[in-house]
Amino acid sequence: MGKVLIIAEAGVNHNGNFDLAKKMVDVAFKAGADIVKFQTAIPELVMSVDAPKAEYQSKNTGSSESQLEMSKKIHLPLEAYKDLKEYCETTVGIKFLSTAFDHVSLDLLNNLGISIFKIPSGEITNLPYLRKVATYGKEIILSTGMATMDEIDFALQALTKSGVKKNMISVLHCNTDYPTPFEDVNLRAMLSLREAFDVRVGYSDHSLGIEVPIAAVSLGAEIIEKHFTLDKSMEGPDHVASLDPTELKQMIKAIRNTEVALGSAEKKPTPSESKNIIIARRSIHLVTSLPEGHIISEQDVIMKRPGDGISPTMVDSVIGKKLKTNLPADHKLDWSDLI
């Protein structure tokens, strides 16, 4: 497995403020993320006036406005994304990505030259959307929150039948609740996705804290996506379930440590521990002083550190040998001592 791709999900946590969006780019870069991802949409093309808010959205933003009204307030205008991408990739030096929620936004991002299209969980059954994404011929990351295995298969079939090569698609296990209860995370489902569909897998996390993404990496996630915010107390639907800048940095550091610690799977002494082999292991020593010609018995020997003499694994070969000379108690036996 190569380096885990870490996507810092800014989403709409800029609350429609371009300056806050740039600050989020700075935070993601300083934390060590590979990609900072936003959300691009024309709200009127995504939801009807009657579309209700999700329970978590109402809890975090109130129920006096519709989902459409809320979305209008927290999305950047389409013309902002060219400048935002330039700020990410030219000024700061972090890869820009955004999830598009409508066909106009998809074309906009494609025209900006993004190399990856992120399909959000809510679009996994949106056949026209899937076919539209496939026309770009770009790498695809597919989130699978709320989806059954049959629905995931449907989306993958739609993409591949529309010309996308399977090796260009990565699938993220996900739970679409903010925050996701730990008992609903079900990380092992990520392994089921890899086995069932033979694709690169990862995890898009909406749980609180940083433990679950780290655990996902230990299970083999090759992509991690996690929401972050400048301040959890800010007004908006996603801030509460997002990491603050310090937590984002801690998560990324922990993931990098975890992927290094996973190692090569080959079990052998490492360079760091090899120096301790002699110190920690034992050699065959004499219990008491013994005379020349004495035949070694099991009662005559004891296994003691250091381990630079005859290994205890050879004790059966030592028993029954004669001593060439008188030897003192605690003597570390050598093959030259024996006949």
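Anchor point for the sequence shown: position 272 equals 294 in this note's numbering, and the numbering is continuous, going up by one each time. We put the CB at the ideal spot given by N, CA and C, even for glycine.
Taking its Cβ as the centre, do 16 or more other Cβ atoms sit within 10 Å of ARG210, making it buried, or is it exposed?
exposed
Just to confirm my understanding: we take GLU173, look at its own chain, exclude 5 residues before and 5 after, and list those with CB closer than 7 Å. What are they?
Closer than 7 Å at the Cβ level, and outside the excluded window around GLU173, lie ILE146 and THR147.
Report yes or no: do the region 285-296 and the region 325-341 share at least 3 C-beta pairs separated by less than 8 Å?
no
Mapping the DSSP letters down to three states, classify ALA55 as helix, strand or coil.
coil
Apart from the five residues just before and just after SER214, which ones in its own chain have a Cβ nearer than 8 Å to its Cβ?
MET171
Looking at C-beta atoms only, is the number of pairs between the region 74-81 and the region 39-58 that lie closer than 8 Å three or more?
no
Curious, which full-length beta strand (DSSP E) runs of at least 3 residues does the region 319-349 contain?
DSSP runs (the beta strand (DSSP E)) wholly in the region 319-349: 323-326.
Straight-line CA distance for SER240 to VAL282?
10 Å
Where do the ends of the alpha helix (DSSP H) carrying THR268 lie?
Per DSSP, THR268 belongs to the alpha helix (DSSP H) from 267-284.
Nearest CA to the CA of ALA351: which residue from LEU152, ASP105 and ASP322?
ASP322
Strictly by DSSP, which residues pair up with SER143?
Here SER143 is not bridged, per DSSP, to any residue.
Using a Cβ-Cβ cut-off of 8 Å (strictly less than) and excluding sequence neighbours within five positions of TRP357, which residues of its own chain qualify?
ILE332
Give me the Cβ distance between GLY224 and SER264, rounded to the nearest whole Å; I'm assuming they're in contact under 8 Å.
Not confirmed; about 18 Å, so no contact.
Quick check on DSSP: helix, strand or coil for VAL68?
helix
Helix, strand or coil, according to DSSP, for ASP253 in the structure here?
coil
Can you look up GLU31 in the DSSP assignment and give me helix, strand or coil?
For GLU31, the secondary structure class from DSSP, reduced to helix, strand or coil, is strand.
Kindly indicate which three-state DSSP category HIS353 falls into: helix, strand or coil?
coil
Out of THR198, ALA169, LEU194 and PHE250, which one is the CA nearest neighbour of LYS243?
First, the amino acid is wrong: residue 243 is Ala here, not Lys. Residue LEU194 is the option with its Cα nearest to ALA243.
I'd like to know if the region 251-258 and the region 24-40 are in contact, where contact means that at least 3 CB-CB pairs between them fall below 8 Å.
In this structure the region 251-258 lies against the region 24-40, because at least three pairs of beta carbons, one per stretch, are closer than 8 Å.
Quick one: Cα of ASN132 to Cα of TYR158, how far?
7 Å
Under 8 Å between the Cβ atoms of ILE232 and ALA177?
no
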